[in-house]
Amino acid sequence: MHTQTLIIGGGLSGLSLAYRLQQADHDYHLLDARRRLGGRIKSLIVGDVAVDLGPSWIWPGQERIAALLPELGLHAFEQHAQGTQLYEQASGEVMQNAGFMSMAGALRIGGGTSALTDALAARLDPSRMTMNAQAAHISDAPSATLADGRTITADRIVLALPPRVAADLTYAPVLPQIATLKSIPTWMGAHAKFVAVYGTPFWRDAGLSGDASSRRGPMVEIHDASPEDGTFGALFGFVGLPAHVRAQVGDQVQHAALTQLTNIFGAAASKPLTSHLEDWSAAAFTSTAADATPPTGHPPYQMPAPLSRVWNDKLIFTSTEMAPDNGGLIEGALAAAEHTARKIL
Ligand SMILES: Cc1cc2nc3c(=O)[nH]c(=O)nc-3n(C[C@H](O)[C@H](O)[C@H](O)COP(=O)(O)OP(=O)(O)OC[C@H]3O[C@@H](n4cnc5c(N)ncnc54)[C@H](O)[C@@H]3O)c2cc1C
């Protein structure tokens, strides 16, 4: 098979690039190693409600996502943050309105963040997408050889992959930029999110916002993750245990997280309809072993000069970590795709 632009990676960067290329009648094909699209954007589906397991928030002032949502028939709503915030001390004692910053002012996407990648994918020609197709080797022909041996040739190849995941592919000729790729952390690749879904957002009736911070753990930061119409209740928390500890203790994290929610929000929290731990550090095609240790802050992501023109632009790196602005974020994934679309078109 031959295509003009082969996009490897069907996360938000790859999907939004494909969407822009399709709008311009440009010939493309998109591959993803997984059996699903969306990459770091993923939901727990409960009935017809989607609870975010990856990103939840966008922010006012992010112009690309603000423009794309209505274009796709989607909308944003405000993160629920009204009410009392709670703080769990190391001793387990729960205090009100102490030591915490809420996410008031952040926005969420109606229908869950995966509504965004689902809507993009729904607009793409299905014959131009192949899932369960893991790229393993890239040559400057250019061509991509998949793990199952299939080869696709293209005029150019776009790697819409986290840079460290891209560094795990093999290249001919050997890429001198591998060390540069390996030096770029996968944003949020070290993290794990626990979500618990309830029949109602019962904490709101008690005047609580659903926000909590904790020095006890296992979750360090908890927020309301309920759908916009409140037809279900959902809480999510970022797990504070390092990735290697989570790997050692396994299911105990989930039990401890439920015990913690019960301590903070009361007995009603002990019996969720369902709960789920999404450990992104264990997610092949997102994180590598090096991502188990998170960066100390938000890295100043931008396209490193050695990666900006590879094989005379027959190989282009496009992921949120390569964005000209908002690197690491949803807006960054759109920015990276926009930059690459301009380059190609
Ligand atoms: C827990 C968590 C919370 C977050 N919170 C926020 C937030 O609140 N707000 C925000 O703006 N951002 C947040 N982010 C970041 C946001 O998710 C990312 O910026 C965005 O989803 C990145 O999209 P991407 O397409 O660049 O990369 P990815 O989503 O990583 O997509 C890469 C794709 O490449 C595929 N792939 C990998 N290897 C291969 C291969 N060899 N062959 C073929 N395909 C391959 C993968 O399956 C994947 O689909 C969060 C991320 C996580 C994990």
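Numbers in the numbering used here are just positions in the sequence shown, counted from 1, shifted up by 1337.
Here a beta-carbon is modelled for each residue, glycine too, at the ideal position from N, C-alpha and C.
A quick note: this is a predicted structure, and the numbers were derived from the prediction, not measured.
Inset, instruction - Check the DSSP bridge columns for Q1359 and list the partner residues they point to. - result: Taking the sequence shown and counting its residues from 1, one reaches residue 1359 at position 22. Answer by DSSP bridge pairing: none, since Q1359 is not bridged.
Inset, instruction - Classify L1659 as buried or exposed, calling it buried when 16 or more other Cβ atoms lie within 10 Å of its own Cβ. - result: The count along the sequence shown starts at 1 and reaches residue 1659 at position 322. Contrary to the premise, residue 1659 reads as Met rather than Leu in this sequence. Around the beta carbon of M1659, a 10 Å sphere encloses 16 or more other beta carbons of the protein chains shown; the residue is thus reported as buried.
Legend entry - beta-carbon H1528 near ligand 1 non-hydrogen atom, thresh 8 Å: As a working mapping, residue 1528 is identified with position 191 in the sequence shown. Within the cutoff, so yes.
Legend entry - Assigned secondary structure, E1415 (DSSP; H/G/I helix, E/B strand, else coil): In the sequence shown, residue 1415 corresponds to position 78, counting from 1. Here E1415 sits in strand by DSSP.
Inset, instruction - Please state whether DSSP places M1338 in a helix, a strand or coil. - result: Locating residue 1338 in the sequence shown gives position 1, where the first residue counts as 1. Note: M1338 maps to coil in three-state DSSP.
Inset, instruction - Would you mind listing the beta strand (DSSP E) stretches within the region 1462 to 1527 that are 3+ residues and don't spill past its ends, in chain order? - result: As far as the region 1462 to 1527 is concerned, its whole beta strand (DSSP E) runs of at least 3 residues are 1472 to 1476, 1480 to 1483, 1488 to 1496 and 1507 to 1509.
Inset, instruction - Ignore the nearest five residues each way along the sequence and tell me which others in N1663's own chain have a CB closer than 7 Å to its CB. - result: Working through the sequence shown from its first residue, we reach residue 1663 at position 326. Once the five neighbours on either side are set aside, the close Cβ partners of N1663 are Q1399, G1669 and A1672.
Inset, instruction - Check whether the Cβ atoms of Q1471 and A1584 sit closer than 9 Å, and answer yes or no. - result: Taking the first residue of the sequence shown as 1, we reach residue 1471 at position 134. Taking the first residue of the sequence shown as 1, we reach residue 1584 at position 247. Not a contact, by the Cβ cut-off of 9 Å.
Legend entry - C-beta contact flag for R1552 and E1425 at 9 Å: Your numbering for residue 1552 matches position 215 in the sequence shown. Your numbering for residue 1425 matches position 88 in the sequence shown. Contact flag set, yes.
Inset, instruction - Report yes or no: do the region 1633 to 1650 and the region 1599 to 1612 share at least 3 C-beta pairs separated by less than 8 Å? - result: no
Legend entry - C-beta atoms of T1467 and P1500 nearer than 9 Å: For the purposes of this step, residue 1467 is taken as residue 130 along the sequence shown, with counting starting at 1. For the purposes of this step, residue 1500 is taken as residue 163 along the sequence shown, with counting starting at 1. Cβ distance not < 9 Å, so T1467 and P1500 don't count as in contact.
Legend entry - Between the CA atoms of S1656 and M1525 - distance to the nearest angstrom: Working through the sequence shown from its first residue, we reach residue 1525 at position 188. Working through the sequence shown from its first residue, we reach residue 1656 at position 319. For M1525 and S1656, the distance between alpha carbons rounds to 13 Å.
Inset, instruction - Output the boundary residues of the beta strand (DSSP E) element that contains K1530. - result: In the sequence shown, counting from the first residue as 1, residue 1530 sits at position 193. Unbroken beta strand (DSSP E) run through K1530: A1529 to Y1535.
Inset, instruction - With a 10 Å radius around its C-beta and 16 neighbouring C-beta atoms as the bar for buried, classify F1414 as buried or exposed. - result: Taking the sequence shown and counting its residues from 1, the one referred to as residue 1414 is at position 77. Answer is exposed; the Cβ neighbour count stays below 16.
Legend entry - Backbone secondary structure at L1409 - three-state DSSP: By 1-based counting over the sequence shown, the position of residue 1409 is 72. If DSSP states are grouped into helix, strand and coil, L1409 belongs with coil.
Legend entry - Proximity test, M1432 beta-carbon vs ligand 1 heavy atom, cut-off 8 Å: As a first step, residue 1432 is located in the sequence shown; it is residue number 95 there, counting from the start. No.
Inset, instruction - Pick helix, strand or coil for D1588, following the three-state DSSP scheme. - result: Here residue 1588 refers to the residue found at position 251 when the sequence shown is read from its first residue. In the structure shown, D1588 sits in coil (DSSP, three-state: anything other than H, G, I, E or B).
Inset, instruction - Report the three-state DSSP secondary structure of R1445 (helix, strand or coil). - result: Taking the first residue of the sequence shown as 1, we reach residue 1445 at position 108. In the structure shown, R1445 sits in a strand (DSSP, three-state: E or B).
Inset, instruction - Ignore the nearest five residues each way along the sequence and tell me which others in K1651's own chain have a CB closer than 8 Å to its CB. - result: In the sequence shown, the residue the question calls residue 1651 occupies position 314. Excluding positions up to five away in sequence, the list reads D1477, P1479, D1492, R1493 and I1494.
Inset, instruction - Ignoring anything shorter than 3 residues or poking outside the region 1622 to 1665, list the beta strand (DSSP E) runs there in chain order. - result: Correct list: 1652 to 1654.
Inset, instruction - Sort I1446, F1569, Y1638 and N1649 by Cα distance to A1404 and report the nearest one. - result: Start at 1 with the first residue of the sequence shown, and residue 1404 comes out as number 67. When each option's Cα is compared against that of A1404, the closest is I1446.
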